[in-house]
């Protein structure tokens, strides 16, 4: 495993690590500074020292609150008055609904009709106006653009947006500032917002740190894109990692990932279930399937980890209790 | 609700808050400084500002590690070489096994034969020698005394011990030092070690703070004892709060509780299940039934909480995943 910076792809000019720093100041006191958890049992299993950044304990249950809050905070006053619109497979929806509530900004959330019931209910509970769509038949981006045009709402996409990427990078910034330099950072990969932001933070604060994205085996568009050098689109993948059912990387996230990330790994749904059980049984936390992607790579020895200091971002905890019960007894 | 100090019962001379301070220094770097979690949803439900001290994220999954580590650390060298023996319904067992492992002290753990399988397995995994007994027929203290006499082991009881009480008080100390003075502190009550230690810390650091113990309805020996002024013994209660199936308060814990605690409340098993689901669904943490006692009192409005700053100790998270699944789908 070689360390970066890679020089074969140029780093885009925005966002930069300075934008991550600015985002951190903007969200301070609004986003939780989530705890870093450790476990000797996890370390023994991985043969490494693992630092789990518990974004499942973030407001609205996932890291998405960081980017959502930052993006809304950056809007000019007239745009704030008109409001925002977001499309999301779940956690971005709740994040926009909650971050908008805290900043008193109207918000419309476009969610897939088959999103977990808990996520739809939580989004409504945060005061968001919810519009459902069929993700196997309709184009959520088209719906978002239409609402944006009709009502003057500002579209805040779930990952492919500079302010969103910068906000997501604050989790890795906090992690490294708290525990010191890392050898490896493992980050789940859906559309790439968290991975791109994390890579910006990691390469600035811990330049020798190798950064890996981890996605579900069934939806390895990120791995294909990274290895081929251009964005690959796939059909909606069937995986329990509902937050990583994205079908292609963003035009803003992909270039950052190409420039700063070391490789993309994949894990099976069985590994995700095993990791969920591990977190419940040994670490007493609830991590949703997508949130287990990075951890599953470490717990299953998918990279040369021996003796390394490894940061693992647990991206979220929004799993329906009945679904969790099913995973625990599977 | 009146504030203390109560003057109708004298405070015992040991342990004191100074012993809690000494214990805190002794366990520093060995016990986790667990995070304090907050939730707007919980606050809205309680009509108060709640600060959850997450001892479910403590080493070995419960606050018990604090007292166990402190008690073992206080042993003279010859006693450390011979080893320790402990009897426990579960979490104290794991705590002694783990704390003894870290301090390289031999340890024998006497556990009820019907303790959760996960707790027995975890105790063995920490290198403890496990002896099982039938808690409906045999006297665990008698077994402990016999092993102690036969093998020269030092008996470390689960709660009725000065060093254990002082160690348990460090959780409330950390909580108040982190969030500032409290109006109310809610603590689960089994044998009284955590409640006594917490009261010592709370009354020293936040003298206006009212301290309440919370126990299962089915096992309200503590409430009966507190209100009658002398220790009341009850049969082994039937409750899902297996860590609070104690049948009487200790001779060392009861006088501290009499002197410093404001009242003892009780909650139903149904409230514990509801709280467990709340923690999974909204706060993304696993709290065992006993660990939900204090929270259930706050979430169900069992005390005049409106607008108050309330500390809630979540005592542990050691619940079998299959049992948790059952509670989530009940």
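Residue numbers (my numbering), protein chains in the order written: chain C, 1354 to 1683; chain A, 1354 to 1683.
From the three backbone atoms N, C-alpha and C, an ideal C-beta is built for every residue, glycine too.
Cα atoms of residue 1425 of chain A and residue 1407 of chain C: separation of roughly 31 Å, rounded to the nearest angstrom.
Closer than 8 Å to the CB of residue 1633 of chain A there is at least one CB belonging to chain C. By the Cβ neighbour-count rule, residue 1502 of chain C is exposed, with fewer than 16 other Cβ atoms within 10 Å of its own. In this chain, the beta strand (DSSP E) harbouring residue 1566 of chain C covers 1563-1569. DSSP, read as helix, strand or coil, puts residue 1587 of chain C in coil. Taking 3 residues as the shortest admissible run, the segment 1482-1547 of chain C contains the following complete beta strand (DSSP E) segments, listed from N- to C-terminal end: 1482-1486 and 1537-1541. Assigned with DSSP and collapsed to three states, residue 1402 of chain A falls in strand. If you ignore the 5 residues before and after residue 1649 of chain C, its C-beta comes within less than 6 Å of the C-beta of 1620, 1624, 1625 and 1628, all in its own chain and listed in chain order. For the C-beta of residue 1444 of chain A, not a single chain C residue is nearer than 7 Å; the gap to the nearest is close to 12 Å. The three-state secondary structure of residue 1374 of chain C, taken from DSSP, is helix. In the assembly as shown, residue 1586 of chain C is an exposed residue. Its beta-carbon has fewer than 16 other beta-carbons within 10 Å.
With respect to residue 1544 of chain A, residue 1618 of chain A sits apart: the two C-beta atoms are not nearer than 8 Å. Residue 1460 of chain A carries a strand assignment under DSSP once its states are collapsed to helix, strand and coil.
With the rule of 3 Cβ pairs closer than 8 Å, the segment 1424-1440 of chain A counts as touching the segment 1497-1511 of chain A. For residue 1464 of chain A against residue 1634 of chain C, the beta-carbon gap comes to about 18 Å, at or over 8 Å, which does not count as contact.
For residue 1667 of chain A, the enclosing beta strand (DSSP E) starts and ends at 1662-1667. Straight-line spacing of the CA atoms in residue 1583 of chain A and residue 1382 of chain A works out to 39 Å. The three-state reading of DSSP puts residue 1381 of chain C in strand, counting E and B together. With respect to residue 1646 of chain A, residue 1597 of chain A sits close: the two C-beta atoms are nearer than 8 Å.
Take the alpha-carbon of residue 1588 of chain A and the one of residue 1399 of chain C: they are about 45 Å apart. Contact between the segment 1571-1583 of chain A and the segment 1504-1518 of chain A is absent: fewer than three C-beta pairs spanning the two stretches fall below 8 Å. For residue 1416 of chain A, the secondary structure class from DSSP, reduced to helix, strand or coil, is coil. With a 10 Å radius around the Cβ and a threshold of 16 neighbouring Cβ atoms, residue 1378 of chain C comes out exposed. Distances from the alpha-carbon of residue 1448 of chain A to those of A:1675, A:1680, A:1529 and A:1385 put A:1385 closest. Under the 8 Å Cβ criterion, the segment 1415-1435 of chain A does not count as touching the segment 1467-1482 of chain A, having fewer than three qualifying pairs. Excluding the 5 residues flanking it on each side, residue 1459 of chain C has same chain C-beta neighbours closer than 6 Å at 1436, in chain order.
Residue 1440 of chain A has A:1463 as its beta-bridge partners, per DSSP.
Inclusion of residue 1642 of chain C and residue 1594 of chain C in the CB contact set at 8 Å is warranted, their separation being smaller than that value.
Leaving aside the five residues that flank residue 1604 of chain A on each side, the residues in its chain whose CB is nearer than 7 Å to its CB run, in chain order, 1513. Counting C-beta pairs closer than 8 Å gives three or more between the segment 1540-1556 of chain C and the segment 1659-1679 of chain C, which meets the contact rule.
For residue 1535 of chain C against residue 1559 of chain C, the beta-carbon gap comes to about 5 Å, under 8 Å, which counts as contact. In this chain, residue 1595 of chain C is not harboured by any alpha helix (DSSP H), its DSSP state being neither H nor E. DSSP places residue 1616 of chain A in the strand class (E or B) of the three-state scheme. Comparing alpha carbon positions, the residue from C:1638, C:1481 and C:1670 closest to residue 1670 of chain A is C:1638.
Rounded to whole angstroms, the Cβ separation of residue 1368 of chain A and residue 1612 of chain A is 13 Å, and the two are not in contact under 8 Å. Of all residues in the segment 1398-1410 of chain C, only 1409 and 1410 place a beta-carbon less than 8 Å from a beta-carbon of chain A.
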